[in-house]
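Take a look at the structure set out below.
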Amino acid sequence: MYKIRTYNTIATQGLEKFPRASYEVASELPQPEAFILRSQKLHDEVFPDGLLAIARAGAGTNNVPVDRCTKEGIVVFNTPGANANAVKELVLAGLLLSSRGIIEGINYANDMDRDLDEAVLSKNMEAQKKHFKGFELAGKTLGVIGLGAIGSMVANMGIALGMKVVGYDPAISIEAAWRLSSDVEKMDNVSSLMSRSDFVSLHVPAIPATKHLINKESLATAKENICILNFARDQIVDVDAILTAMETGKVGRYVADFPVPALIGHKKAIMMPHIGASTREAEENCAIMAADQLIDFLENGHILNSVNFPLASMQRTTDHRITICNENVAGVLGHVLSVLADESINVVDMLNKSRDNIAYNILDLEEKPSQAILDKITNVEHVMNVRSL
Numbered sequence: 065m066y067k068i069r070t071y072n073t074i075a076t077q078g079l080e081k082f083p084r085a086s087y088e089v090a091s092e093l094p095q096p097e098a099f100i101l102r103s104q105k106l107h108d109e110v111f112p113d114g115l116l117a118i119a120r121a122g123a124g125t126n127n128v129p130v131d132r133c134t135k136e137g138i139v140v141f142n143t144p145g146a147n148a149n150a151v152k153e154l155v156l157a158g159l160l161l162s163s164r165g166i167i168e169g170i171n172y173a174n175d176m177d178r179d180l181d182e183a184v185l186s187k188n189m190e191a192q193k194k195h196f197k198g199f200e201l202a203g204k205t206l207g208v209i210g211l212g213a214i215g216s217m218v219a220n221m222g223i224a225l226g227m228k229v230v231g232y233d234p235a236i237s238i239e240a241a242w243r244l245s246s247d248v249e250k251m252d253n254v255s256s257l258m259s260r261s262d263f264v265s266l267h268v269p270a271i272p273a274t275k276h277l278i279n280k281e282s283l284a285t286a287k288e289n290i291c292i293l294n295f296a297r298d299q300i301v302d303v304d305a306i307l308t309a310m311e312t313g314k315v316g317r318y319v320a321d322f323p324v325p326a327l328i329g330h331k332k333a334i335m336m337p338h339i340g341a342s343t344r345e346a347e348e349n350c351a352i353m354a355a356d357q358l359i360d361f362l363e364n365g366h367i368l369n370s371v372n373f374p375l376a377s378m379q380r381t382t383d384h385r386i387t388i389c390n391e392n393v394a395g396v397l398g399h400v401l402s403v404l405a406d407e408s409i410n411v412v413d414m415l416n417k418s419r420d421n422i423a424y425n426i427l428d429l430e431e432k433p434s435q436a437i438l439d440k441i442t443n444v445e446h447v448m449n450v451r452s453l
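Reading the sequence shown from the start, the letters are residues 65 to 453 in our numbering.
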């Protein structure tokens, strides 16, 4: 029986993926093999012995101490792309809100006296609507920084809206490149993209390399009155630089899903309360994807969409499988194979993958290893954990 501890409210469609006959799923389970969560912060959490995996039902893993998990041999999963459509649609809303006086017009209409004669009300509306005039998106240039699951959808959406689209991503994957419309023009750097764009939409992860990616220097190369849309993470944008650029007219609008005190109430800022993935469909997709990944890992040892472990998947060739997580140093796998050879256990198939300081191995064996053999493998230097599946 596998135990899964839940945090936050996980969509029922995801929780129902765990078969009741072999899984116990609850919020206060002792000694769980895995966590599944959304926004719960785990940095101060004491992990129970035997914790093998943490699944984040969402793309970002800022709330998970990934480095500590790696050192303890805990696989951290996320769900890239599961909420991509929800974020893409909110980016569309941001584009429309920033190009037209929609919010201002709504506020003006709502502030009108309810006791006014209908004819007077209509006359006032007609007289004031010129103050809310905007411009159309068609023909404008949209720059997309980060062309992963969300960024590529935003870029393709821009093309569908009749916009010119330029994109920049120094680490674009082959899979992402296939998703991207051939009409998206690739830029060599952020500065060249900023100089071409009327709108810039950010879709990169919050890592040291992207902190304050939008800053005084990058904004200096931007077109006048540019609109910056940040539905990625707040750390990517230098707020002080944005404030200065809004005062000088370099930035016409800043639309973000991450309110900060300095921007609350600013006439050029549109702040949303982190609702990019807040749709029923996105929450269901993330929960289902997270659950499927945990099940495949716990039952088969497969790793898909981990932020700290290598991709690892191998078709079963026998009924006896073991997985081994170890520090990525030379000789460990050789010692493990020696243990099996000494016990006359044949390895039928094997997968060995590594990522940074972690190595992960899947071995299909001709016969089931005893607990004593598993203990010998566990005692091999640099081995972090061993599982028999």
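Idealized CB from N, CA, C, for every residue including glycine.
Which of helix, strand or coil does DSSP assign to residue i?
i, result
"T205", "strand"
"S377", "coil"
"E92", "coil"
"F199", "coil"
"H399", "helix"
"A423", "strand"
"L362", "helix"
"K332", "coil"
"D298", "helix"
"T285", "coil"
"N390", "strand"
"Y232", "strand"
"S259", "helix"
"D131", "helix"
"I238", "helix"
"R69", "strand"
"A119", "strand"
When you compare each of the options to residue i by their alpha carbons, which one comes out closest?
i, options, result
"V279", "A286, L257, A305, E288", "For clarity, residue 279 is Asn in the given sequence; the question names Val instead. The option with the nearest alpha carbon to N279 is A305."
"V151", "R317, L277, P323, H267", "H267"
"P112", "T125, Q104, R120, A98", "A98"
"G124", "K105, V110, G158, I334", "K105"
"I74", "Q379, S256, R120, N289", "R120"
"S452", "H446, A436, D302", "A436"
"S255", "G231, A286, R243", "A286"
"H338", "A355, N410, A320", "A320"
"M336", "L244, C133, L161", "L161"
"H384", "K432, A354, S265, D413", "K432"
"G169", "H107, E182, N149, E190", "E190"
"V301", "A326, E288, F82, D356", "A326"
"G212", "N147, K187, K204, N253", "N147"
"Q357", "L93, P94, S91, G122", "G122"
"F322", "G313, K314, L307, D298", "D298"
"N253", "N174, Y232, T76", "Y232"
To the nearest angstrom, report how far apart residue i and residue j are at their CA atoms.
i, j, result
"V139", "M310", "42 Å"
"G198", "V128", "42 Å"
"H399", "F141", "29 Å"
"V248", "D179", "52 Å"
"S103", "Q192", "43 Å"
"Y71", "S259", "44 Å"
"A284", "D360", "48 Å"
"V229", "P96", "47 Å"
"H195", "Y172", "10 Å"
"I290", "S163", "11 Å"
"N449", "L159", "49 Å"
"I334", "R317", "8 Å"
"P269", "A235", "12 Å"
"K135", "S342", "32 Å"
"T274", "G210", "11 Å"
"T143", "S370", "9 Å"
Within 10 angstroms of its Cβ, does residue i collect 16 or more other Cβ (buried), or is it exposed?
i, result
"L115", "buried"
"A85", "exposed"
"R344", "exposed"
"M227", "buried"
"M251", "buried"
"V110", "exposed"
"V393", "exposed"
"S408", "exposed"
"D177", "exposed"
"F379", "The amino acid occupying residue 379 in the given sequence is Gln; Phe does not appear at that position. Q379 is exposed by the Cβ-count criterion."
"D440", "In the sequence as presented, Asp is not what sits at residue 440; that position holds Lys. It is buried - the Cβ of K440 has at least 16 other Cβ atoms within 10 Å."
"A405", "exposed"
Taking Cβ to Cβ, would you say residue i is nearer than 8 Å to residue j?
i, j, result
"K332", "L375", "no"
"G365", "I426", "yes"
"G340", "F295", "yes"
"G78", "A351", "yes"
"E430", "T387", "no"
"M221", "L156", "yes"
"N372", "V130", "yes"
"I68", "I100", "yes"
"V208", "A224", "no"
"V403", "V447", "no"
"N149", "M65", "no"
Can we count residue i as close to the ligand ZN, meaning its CB is less than 7 Å from some heavy atom?
i, result
"I388", "Summarising the ligand content, the structure contains no ligands, and the ligand ZN is consequently not present."
Tell me, please, whether the CB atom of residue i is closer than 8 Å to any CB atom in chain C?
i, result
"L225", "Among the chains in the structure shown there is no chain C, since it carries only a single protein chain."
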